[in-house]
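In the numbering used here, the protein residues as written are 64 to 1106. Here is the structure we will look at.
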RNA sequence: GGGCCUUUAGCUCAGCUGGUUAGAGCGCACGCCUGAUAAGUGUGAGGUCUCUGGUUCGAAUCCAGAAAGGCCCA
């Protein structure tokens, strides 16, 4: 006996039960033991940031990871199952700051680095544990005891090894870069922090027009515009567009130079002297706004070309301060300009800036304007509103600031990176192109961050100028002064206390305070987690990874950093296949965002839709397009899974009634009817497809094919075969039905087990484990279905497709003639079928007759007499050709035999017609063919196939149809009356003569169908009756339950 | 400015190496079934396959160009 199956399953509750089962039976452990000796499959897990609860977008990638690992494990592969957590970096710090109510680096320092680091670690551990639990709920099987954490000394040491290698090759250097900076928080922001929704707001600033005298040219002045007067103190150049026209304008005794197009707006009353292209201004020198400042000494202010200069605002001449702007800084590298950084971390002017020194930049504007006024450099000011970035923590306006950072030069490795990236199998291929584009264009890798909780860079910069990079903890211990080294972990602040002696000059040197870019942490994973340094043999066994998968942005992040580090260390790619998927959006295609209120949390989602439905949704998604995630789409998935469930539930219900035991029948001894052989052939094709597509990491195709199969199984095979399960005698037909359905279900759930591990397990336990004591304890311990050798001559699938097509056309014809399926029909005529097709159908014509409720199926070669073919002139073409003779053409066409003409036209032959005594040739495109059903027939065509329904219903068939209608009506009344399916009743009626006749004629049938012990005319006319209409004719019934 | 991708029915998307009258799900309209039943299911309407050229006997599909949108880099 199988366990009875809930008609309305609670998938979520069932999944929890399965989780319990897996845990208590140690199924995952058993799986690992089983495959221990199998071939290896090396999957490398991209670390998930252990900083917040898991989002549904994480669940997408984790579904792939689990799905393909489960598939491989069912093929017998031995896997590592190591999950990873990304533990360090700015985002952890930001969250901890938020948690603590801090909003600046200074508050962290006041709080104490040690406590702060411990808080960060605490947060990471907390969320790693939470994500672990959530992942388990998703059904992800990993060795959760052995997850890797990027904050471990092991990981750090491997990165140190890498950095040392870079340093030895001379790739490591100190350089500058501009950072968005918040002077209130005293901290830089990463580019990623500028992406959010509220980082740019409309702000009004005082914009100034200032005039800077051209050196050695009396009276000539550049007209310059800026919205950030505080940066003028660091001005070193002016930029013009080399191709734009600039005007010399005389006004009030001076000559102003500005963009030609802006003259009317800025100096409408001036006189135009001449215009020159911008390139003629390049190289001119001018007097800077604050030349007297000590910091400005030696700066030669000059005009440089820049094609980004616009004419929409300002003056067409742009003030350049490389220490205060990202673009300015880039230009300084191009034109070798000095970089002046006027303010410190808190926004106070540093020394060397005259009256500004010591003043905070927020209060400097009035003094700056006053000073410019006094020097006669200020033309005018205006209030200017624009989009300006602000700090997302505190709302303070951001400034751009040049800071010192550490870099790895990429040019030396670039060719090898491109070469190795080309060896990777990228899915989709465009991911590989993206990677190549990135590798061609990327700049040097900035690896330092001015933060606290992160990889400590093992860089020691001596005052003598020499740089020492330590390559291991061992080296640190050897060099540490004083020894021995006593620190709990390789993190700040502990590691900062360690000093070494400079190997060149002997001075004591401190570690630089910077920590590392978090992509170093993740990029080293193919080395650190595979024990490259401490167990080289193990590393060689599992390196390189065969498969990785992450979302697309990881191409230039994780995929890149792994490639970079691996090429540096071993000159080869660390992964062979990379599956890239797109972004997860809400159902309307908008990004999910906490502030938009459209975010869906994993816990909520999994609780409402269940893990299987979620996994199916992810697995069916085309990886190349964004996924629109929501409960609506999940509901659709659930309905599909429910169809499978219903088939399963149907099987269990009847198998239990009939005490069917699949182990009692040898599969090979059963003779199977066509439909059974067909569904098994379908299943076999599906197995072949699934193996092929899963093998190519293409889950979407497998999922789609599975949906088609469920459809065929439920809506075709089962619907056509239900009677075989109901009937009481146990013959070979019935045994074959049970056995076939059983085999199909058991194979199918093994096939979909990687996608829906819970549902598959649930069904497997009931269908397999309850009858086979020596079967594997879990569906996930069974092997993946294998295709059987197929008999191609059988061509079961094309034959069935043809039959399905005929039935579809027949239904359409019925619909067109408004004859419901309940009404039997004399015959349907199949026109134009080849002999092969006729043969293919012949054996199965009963299926067609049953489905369409036909008495007879006949074949005809032509549609003569069944369909009228009308030939009409194609007016837009024939109109110009024949003009007023057109009516004659029309008449001539009407006179032709449609059948014959059609054959000619189908062969693209011209048609000869006699018009007013002359023969005229009409080309096929000049004629329109219209098909009309003959009265008494309803036809539907598709391709060369035509089915024609004979719509004449003889009286005896009409009575049969009415009988079915009556049965239907009585069944409905039974239901309305609340009778049980097995209740016996007495039925009394009062009907028209025609219906009364039918009621008598089909009395036996009706009694049987409706479980009526009595069916007779009412003699007591006073009773309350229920009226129904049969084909528009009223009839009254009284139903009584037999007690 | 460079690169990648997308554009097919009201919505979400399939359409492999070019080949009958371009498909599915959802939604909509009208039905069917009532022994899987607060489920299931049929038919239909709806598309100049973004546009313009080209290659070809034949193009949603290949090539070139354009437009719109998205992402990455600068």
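For glycine and all other residues, C-beta sits at the position ideal for the given N, C-alpha and C. These figures come from a predicted structure and were not determined experimentally.
Residues sharing a beta bridge with residue 469, DSSP = DSSP output for residue 469 lists 237 as bridge partner(s).
query = Would residue 893 pass as a contact of residue 920 if the rule is Cβ separation under 8 angstroms?
reply = At the C-beta level, residue 893 and residue 920 come within 8 angstroms of one another.
query = From this set, 584, 227, 404, which residue's C-alpha is nearest residue 152's C-alpha?
reply = Of 584, 227, 404, the residue nearest in Cα terms is 584.
key: Reference residue 671; option with closest CA among 486, 540, 200   = When each option's Cα is compared against that of residue 671, the closest is 200.
task = Indicate whether the contact test is met: 3 or more Cβ pairs, each with one atom in the stretch 295–310 and one in the stretch 374–381, closer than 8 angstroms.
result = Touching, per the Cβ criterion.
key: Proximity winner among 536, 520, 623, relative to residue 477 (alpha-carbon distances)   = Ranked by Cα distance from residue 477, the first of 536, 520, 623 is 623.
task = Please state whether DSSP places residue 710 in a helix, a strand or coil.
result = In the three-state reduction of the DSSP assignment, residue 710 falls in the helix class.
query = Which partner residues does residue 448 have in the DSSP bridge list?
reply = DSSP output for residue 448 lists 267 as bridge partner(s).
request  = Tell me residue 613's beta-bridge partners as DSSP assigns them.
outcome  = Paired residue(s): 643.
Stretch-stretch touch, CB-based, cutoff 8 angstroms, three pairs: the stretch 619–639 with the stretch 242–252 = Counting C-beta pairs closer than 8 angstroms gives fewer than three between the stretch 619–639 and the stretch 242–252, which falls short of the contact rule.
ask   = Taking the beta strand (DSSP E) that residue 382 falls in, what are its first and last residues?
value = For residue 382, the enclosing beta strand (DSSP E) has its first and last residue at 380–383.
request  = Check whether the Cβ atoms of residue 213 and residue 148 lie closer than 8 angstroms to each other.
outcome  = Their beta carbons are under 8 angstroms apart, which means residue 213 touches residue 148 by this criterion.
request  = Taking only the alpha-carbon atoms, compute the straight-line gap between residue 540 and residue 159 and give it to the nearest angstrom.
outcome  = Distance between the alpha carbons of residue 540 and residue 159: 31 angstroms.
ask   = Are the Cβ atoms of residue 532 and residue 230 separated by less than 8 angstroms?
value = Residue 532 is a Cβ neighbour of residue 230, given a cutoff of 8 angstroms.
message = Among 336, 327, 695, whose alpha-carbon lies nearest the alpha-carbon of residue 313?
response = Here the closest residue by C-alpha is 336.
task = Would you mind giving the Cβ-Cβ distance between residue 371 and residue 324, rounded to the nearest angstrom? I have them listed as a contact below 8 angstroms.
result = Under the criterion of beta carbons closer than 8 angstroms, residue 371 and residue 324 do not qualify as touching, at roughly 16 angstroms.
task = Flag residue 869 as yes when its Cβ comes closer than 7 angstroms to any non-hydrogen atom of the ligand FAD, and as no otherwise.
result = The model on display carries no ligand, and the ligand FAD is accordingly not part of it.
request  = With DSSP as the reference, label residue 786 as helix, strand or coil.
outcome  = Look at residue 786 here: in three-state DSSP terms it is helix.
message = What would DSSP say about residue 1079, mapped onto helix, strand or coil?
response = In this structure, residue 1079 counts as strand in the three-state DSSP scheme.
Length of the line joining the Cα atoms of residue 1067 and residue 1079 = Cα-Cα distance, rounded: 12 angstroms.
ask   = residue 275 and residue 440 look like a contact to me (Cβ under 8 angstroms); what is the Cβ gap, rounded to whole Å?
value = By a beta-carbon distance limit of 8 angstroms, residue 275 contacts residue 440. Their separation comes to about 7 angstroms.
message = Beta-carbon within less than 8 angstroms of residue 693's beta-carbon, same chain only, minus the 5 sequence neighbours each way: which residues are those?
response = For residue 693, the CB contacts under 8 angstroms within the same chain, skipping 5 residues up- and downstream, are 649, 650, 663 in chain order.
inquiry  = One question on the structure: do residue 232 and residue 401 come within less than 8 angstroms of each other, judged by their Cβ atoms?
reply    = Contact: no.
inquiry  = Quick check on DSSP: helix, strand or coil for residue 1050?
reply    = In the displayed model, residue 1050 falls within a strand according to three-state DSSP.
message = For residue 750 and residue 99, I'd like the C-alpha separation in whole angstroms.
response = Between residue 750 and residue 99, the C-alpha separation is close to 26 angstroms.
key: Own chain partners of residue 1054 with C-beta closer than 6 angstroms, once the 5 adjacent residues on each side are dropped   = Hits under 6 angstroms: 1098.
message = What would DSSP say about residue 365, mapped onto helix, strand or coil?
response = Here residue 365 sits in strand by DSSP.
task = Would you identify the three-state DSSP class for residue 847, choosing helix, strand or coil?
result = The answer is coil: DSSP assigns residue 847 none of H, G, I, E or B.
inquiry  = Please report the straight-line C-alpha distance between residue 646 and residue 347, rounded to a whole angstrom.
reply    = Inter-residue distance for residue 646 and residue 347 is about 50 angstroms (C-alpha atoms, whole angstroms).
key: Ranges of the alpha helix (DSSP H) found wholly within the stretch 147–207, counting only runs of at least 4   = Annotation note: the stretch 147–207 contains the following uninterrupted alpha helix (DSSP H) runs of length 4 or greater, listed N- to C-terminal: 153–163, 168–174, 176–201.
C-beta contact flag for residue 125 and residue 208 at 8 angstroms = In terms of Cβ geometry, residue 125 and residue 208 do not form a close pair [threshold 8 angstroms].
request  = May I ask you to report which of helix, strand or coil DSSP gives residue 66?
outcome  = Residue 66 falls in the coil class under three-state DSSP.
query = If you compare alpha carbons, which of 193, 887, 708 is closest to residue 118?
reply = Cα-wise, what sits closest to residue 118 is 193.
key: Spatial distance of residue 746 from residue 752 (CA atoms)   = Looking at the backbone, the Cα of residue 746 and that of residue 752 are separated by about 10 angstroms.
query = From residue 570 to residue 408, what does the alpha carbon distance come to, in whole angstroms?
reply = About 28 angstroms.
ask   = Does the separation of the CB atoms of residue 351 and residue 465 fall below 8 angstroms?
value = Contact: no.
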